[in-house]
Amino acid sequence: MNKKELGKFGEEAAAEYLKLQGYEILALNFRCRLGEVDIICKKDNQVVFCEVKTRTTDACGTPGEAVTEAKKDKIRKVAAVYMMWEKVTNYQVGFDVIEINCNHIENAF
């Protein structure tokens, strides 16, 4: 599985997880000229912008540690564009990171 396929797998798994947690998925891979947000969802009175990070190893740190301040800033800007384009008002806004760790332990026992 290449990096792109792994990322898509993680985003699909994260979306299914969010649905099971009672979130309504509003958009997947929302893009504008400022960047992209992996998942935009809603629960109760909150719209949540999710960055999904999928890793097969923690050798370079946890998936969440890969979300830099620059990436957070970009997500905030893309979120503002989404809120404006979709005329979303009267909602709290949240920013989540969803970590997907895929570990295949061959001959584990």
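When the letters of the sequence shown are read in order and numbered with the numbering used here, they come out as residues 39 to 147. Just so it is clear, CB atoms sit at the ideal spot from N, CA and C, and this is done for glycine as well.
If you run the structure through DSSP and keep just helix, strand and coil, what is I143?
If DSSP states are grouped into helix, strand and coil, I143 belongs with coil.
Given this structure, state the Cα-to-Cα distance separating Q130 from E43, to the nearest angstrom.
32 Å
inquiry  = I'd like to know whether the C-beta atoms of I143 and G48 end up nearer to each other than 8 Å.
reply    = no
ask   = Hey, out of D111, K81, I136, whose CA is closest to T100's CA?
value = Residue I136 holds the alpha-carbon nearest to the alpha-carbon of T100 among D111, K81, I136.
Ignore the nearest five residues each way along the sequence and tell me which others in Y120's own chain have a CB closer than 8 Å to its CB. A65, F68, C70, V75, I78, F87, V126
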